[in-house]
Ligand SMILES: NC(=O)c1ccc[n+]([C@@H]2O[C@H](COP(=O)([O-])OP(=O)(O)OC[C@H]3O[C@@H](n4cnc5c(N)ncnc54)[C@H](O)[C@@H]3O)[C@@H](O)[C@H]2O)c1
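In this note's numbering, the protein residues as written are 13 to 447.
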């Protein structure tokens with residue numbers, strides 16, 4: 013945390029928000045911002061639009077909106093761009109996704125239709141359940157990266173944008189461990205030249221964004237900006253990055269409930285999570301290679317919050333199972349069931365059952381907005397590299413350096429707000445006695 017209020021560049025001019033992927037999440041995000049902009053709806057779920065932040069000690073009574081406290085881009089100043097191998101534009105994407113009712117889409121349909129998807133850098137091998145049709149003709153990976161860089165500059169000029177950010181809202185790619193090609197920027201660039209098969213499309217987008225000085229966040233669980241090559245590039249180009257995998261639905265609840273169990277020293281014996289989902293994301297995750305990526309992202313949460321090494325009696329023997337079942341009739345309206353086996357005083361067992369009838373994209377859309385606005389803020393503050401304070405939004409938060417990630421939603425929230433306080437020259441809130 014380096015800056016204070018005097019050195020933060022103002023949020024003047026237009027901010028372009030680019031999303032690789034124009035599916036359920038991205039179209040719901042764009043439609044939501046347009047609806048709010050037109051006075052048709054409220055931006056529920058968004059911290060940048062709705063949350064207040066306490067400043068100073070409790071008796072000072074200072075509690076402004078975050079948007080009045082830090083200089084964020086205004087919703088009226090946002091422009092939208094996207095790439096997709098299937099969707100033609102945001103209107104078509106919203107209709108396919110079926111998240112929003114027709115009468116909510118109708119008043120903004122013209123604006124949605126105007127968000128036309130650019131041809132994607134897409135490779136069927138990384139998302140086996142999709143057949144891309146609107147795909148770039150360039151075959152070489154270096155040429156594909158250059159084509160994306162050209163798209164970014166064209167968008168910047170055509171839309172008159174002063175600044176850009178990119179948020180990956182594309183499908184979850186097949187599971188991959190980082191390899192030699194990801195180990196440094198030089199190795200990655202050699203890999204682009206040689207068409208290394210272990211460079212995934214999302215990594216090419218991340219490379220194009222960072223090379224263009226555009227902050228990048230990854231909303232999916234696949235490797236993208238969380239590889240040494242991208243961290244190095246982000247540092248070199250002085251661009252902020254954040255990831256990964258939007259924290260919505262079951263994992264959001266998991267990171268709310270498990271800190272509470274731990275706070276009260278209640279033990280956990282098992283956590284079985286299953287859910288049914290019928291959107292395109294569910295279809296992609298029906299492929300074992302894409303599901304593996306998601307599973308790894310979801311399973312990491314409990315261990316870091318509960319610290320079984322510190323509390324072996326309480327959390328040393330947990331069966332944690334996560335299932336996602338593709339079930340088309342549900343569309344985007346996911347239903348999740350959690351069975352949580354806990355134990356208390358003298359080891360007596362108890363159970364918690366959670367049945368969450370959620371709407372995936374309704375929970376994810378405000379995250380896209382907040383990430384776009386906060387990443388843009390971080391860039392104007394002069395931050396670069398991994399933005400840990402944005403862990404709040406991710407299932408698998410990318411830590412800065414070799415530190416362990418922080419999964420506890422409430423610690424993440426404190427970190428986010430304290431970061432904003434410090435940047436604006438205020439004291440962090442520690443909740444100590446006098447505070
Ligand atoms: N909705 C949530 O709650 C949530 C939570 C966490 C993560 N995510 C992740 O966010 C991503 C988007 O979710 P969604 O529900 O919108 O899925 P979706 O399937 O509706 O949309 C994804 C879009 O990405 C496109 N795409 C695939 N490969 C691409 C490429 N190489 N370049 C550009 N576009 C590409 C697809 O054609 C599709 O239109 C998924 O990876 C999902 O796992 C979603």
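All C-beta atoms, glycine included, are put in the ideal place defined by N, C-alpha and C. Please read all numbers here as calculations on a predicted model, not as lab measurements.
Can you give me the start and stop residues for the alpha helix (DSSP H) that residue 281 sits inside?
Per DSSP, residue 281 belongs to no alpha helix (DSSP H); it is in the beta strand (DSSP E), 279-289.
CB-CB under 6 Å to residue 25, same chain, minus the five flanking residues each way: which ones, in chain order?
The residues are 174.
For residue 217, count neighbouring C-beta atoms within 10 Å of its own C-beta (all shown protein chains included) and say buried if the count is 16 or more, exposed if not.
It counts as buried.
If you compare alpha carbons, which of 375, 327, 231, 55 is closest to residue 32?
Here the closest residue by C-alpha is 231.
Assess, as a yes-or-no matter, whether the segment 100-115 is touched by the segment 396-412 under the definition of 3 or more beta carbon pairs within less than 8 Å.
With the cut-off at 8 Å, the segment 396-412 and the segment 100-115 do not touch.
Rounded to the nearest angstrom, what separates residue 405 and residue 257 at their Cα positions?
Going by the C-alpha atoms only, they are around 8 Å apart.
Where does residue 365 fall in DSSP's three states?
Here residue 365 sits in strand by DSSP.
Could you please give me the residues that DSSP links to residue 4 through a beta bridge?
This structure does not reach residue 4, given that the chain is present from 13 up to 447, and the question cannot be answered.
For residue 309 versus residue 37, is the C-beta distance shorter than 8 Å?
No, the Cβ-Cβ distance between residue 309 and residue 37 is not below 8 Å.
Give me the Cα-Cα distance between residue 302 and residue 76, rounded to the nearest whole angstrom.
Looking at the two C-alpha atoms, the distance is approximately 42 Å.
Following a CB-centred definition, is residue 97 positioned closer than 7 Å to any heavy atom of ligand 1?
Yes, since a heavy atom of ligand 1 falls inside the 7 Å radius drawn around the Cβ of residue 97.
To which residues does DSSP link residue 342 through a beta bridge?
Paired residues: none, contrary to the question.
DSSP three-state label for residue 194, please.
In the structure shown, residue 194 sits in a helix (DSSP, three-state: H, G or I).
When the Cα of residue 357 is compared with those of 23, 273, 144, 255, which residue comes out closest?
Answer by Cα proximity: 273.
Does any heavy atom of ligand 1 sit closer than 7 Å to the C-beta of residue 173?
False, no ligand heavy atom lies under 7 Å from that Cβ.
Looking only at DSSP bridge pairs, what is residue 92 linked to?
Answer by DSSP bridge pairing, in chain order: 29.
Could you check what DSSP says for residue 347 in three-state terms: helix, strand or coil?
Residue 347: strand per DSSP, three-state reduction.
Taking the alpha carbon of residue 149 as the point to measure from, which residue in 73, 321, 160, 103 has its own alpha carbon closest?
That would be 160, whose Cα lies nearest to the Cα of residue 149.
Could you pull out every residue in the same chain whose Cβ sits closer than 7 Å to the Cβ of residue 196, ignoring the five residues on either side in sequence?
Within the same chain, residue 196 has close Cβ partners 240, 241, 244.
Taking the straight line between their C-alpha atoms, what separation do you get for residue 133 and residue 34?
The straight-line gap from Cα to Cα measures roughly 13 Å.
Going by beta carbon distance, what residues of the same chain come within less than 7 Å of residue 442, once the five residues before and after it are set aside?
Correct list: empty, nothing qualifies.
Any chance the CB of residue 292 is under 7 Å from a heavy atom of ligand 1?
Because some heavy atom of ligand 1 lies under 7 Å away, the Cβ of residue 292 counts as near it: yes.
Is any heavy atom of ligand 1 found at a distance shorter than 7 Å from the C-beta of residue 237?
Because no heavy atom of ligand 1 lies under 7 Å away, the Cβ of residue 237 does not count as near it: no.
Nearest to residue 27 by alpha carbon, out of 347, 83, 58?
Minimum Cα distance to residue 27 is reached at 83.
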